[in-house]
């Protein structure tokens with residue numbers, strides 16, 4: 233009979249430990265998923281629901297649709313960064329462009345928006361640009377390694 237006790241929780245003595253560690257490093261590409269992908273996803277979700285949170289659905293219908301579409305686009309990029317990081321991190325600069333557009337679009341798409349809408353889109357756009365730059369930095373670091 234084999235010993236099936238679960239008292240040992242350390243896998244360092246496992247015969248395949250080095251292979252499992254190498255596979256994990258290869259799959260992850262040396263990056264921390266939760267550090268970048270989760271905040272990007274949350275910013276995208278907030279951008280999508282911000283018209284209903286700030287109650288500007290009645291007086292800014294074009295901006296409502298715009299924020300919804302841009303928020304969904306950011307969330308889809310975040311899911312892509314999580315599922316296929318080696319392919320999607322090339323789109324990090326696109327996320328920076330989306331963030332800049334969210335800032336500018338407040339006046340381009342909106343019809344004389346009030347201060348709350350302006351501040352909301354500046355913060356969401358700024359966070360998107362910042363997180364896009366972090367993703368681009370992670371992509372550059374992964375490619376150089």
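Residue numbers (my numbering): 233 to 377. The beta-carbon is built from N, C-alpha and C at its ideal position, and this holds for glycine as well.
Point to revise | Cβ pair count under 8 Å reaching 3, the segment 311-324 against the segment 348-358 | key: Touching, no.
Review point. For residue 306, which of 339, 325, 369, 345 has the nearest alpha-carbon?
Key: Sequence index remark: in the chain shown, residue 306 carries index 74 (1-based). Comparing Cα-Cα distances from residue 306 to each of 339, 325, 369, 345, the minimum goes to 325.
Point to revise | Pair within 8 Å by beta-carbon distance, residue 350 and residue 294 | key: For the purposes of this step, residue 350 is taken as residue 118 along the chain shown, with counting starting at 1. For the purposes of this step, residue 294 is taken as residue 62 along the chain shown, with counting starting at 1. No Cβ-Cβ contact shorter than 8 Å links residue 350 with residue 294.
Practice item. Might you give, ordered along the chain, the residues of its own chain that have their beta carbon closer than 7 Å to the beta carbon of residue 365, omitting 5 neighbours on each side? Key: Indexing the chain shown from 1 puts residue 365 at position 133. Annotation for residue 365: 328 place their beta carbon closer than 7 Å to its own, counting only its chain and skipping 5 residues before and after.
Review point. How many angstroms separate the CA atom of residue 352 from the CA atom of residue 267?
Key: Along the chain shown, one-based indexing puts residue 352 at 120. Along the chain shown, one-based indexing puts residue 267 at 35. If I take the Cα positions, the gap works out to 23 Å.
Check your understanding: Taking just the CA atoms, how far does residue 272 sit from residue 361?
Key -> The count along the chain shown starts at 1 and reaches residue 361 at position 129. The count along the chain shown starts at 1 and reaches residue 272 at position 40. C-alpha separation (whole angstroms): 10 Å.
Practice item. State buried or exposed for residue 283, treating a residue as buried only when at least 16 other CB atoms are found within 10 Å of its CB. Key: Taking the first residue of the chain shown as position 1, residue 283 is located at position 51. With 16 or more Cβ atoms within 10 Å of its Cβ, residue 283 is classed as buried.
Point to revise | Run of the alpha helix (DSSP H) containing residue 340, from where it starts to where it stops | key: The sequence position of residue 340 within the chain shown is 108, counting from 1. Element bounds for residue 340: 324-340.
Review point. When you compare only the Cα positions, how much space is there between residue 345 and residue 338?
Key: On the chain shown, residue 345 is found 113 positions in, with the first residue counted as 1. On the chain shown, residue 338 is found 106 positions in, with the first residue counted as 1. A straight-line Cα-Cα distance of about 7 Å links residue 345 and residue 338.
Exercise for review: Note down, in chain order, each residue of its chain lying with its Cβ closer than 6 Å to the Cβ of residue 296, except the 5 sequence neighbours on either side.
Suggested key: Here residue 296 refers to the residue found at position 64 when the chain shown is read from its first residue. Sequence-distant partners of residue 296 (beyond 5 residues in either direction) whose C-beta falls short of 6 Å from its own C-beta, in its chain, are 283, 289.
Review point. What separation, rounded to the nearest whole angstrom, lies between the Cα atoms of residue 368 and residue 310?
Key: Within the chain shown, residue 368 is the residue found at index 136, counting from 1. Within the chain shown, residue 310 is the residue found at index 78, counting from 1. So the alpha carbons of these two residues sit roughly 13 Å apart.
**Study point:** Residue environment, residue 343, which counts as buried when at least 16 other CB atoms sit within 10 Å
**Key:** If you number the chain shown from 1, residue 343 lands on position 111. Under this definition residue 343 is an exposed residue.
Check your understanding: Is DSSP giving residue 344 helix, strand or coil here?
Key -> Position 112 of the chain shown, counted from the first residue, corresponds to residue 344. Of the three classes helix, strand and coil, the one that applies to residue 344 here is coil, per DSSP.
Check your understanding: Hey, out of 313, 299, 312, 315, whose CA is closest to residue 335's CA?
Key -> Position 103 of the chain shown, counting from 1, holds the residue named residue 335. Of the candidates 313, 299, 312, 315, the one whose C-alpha sits nearest the C-alpha of residue 335 is 299.
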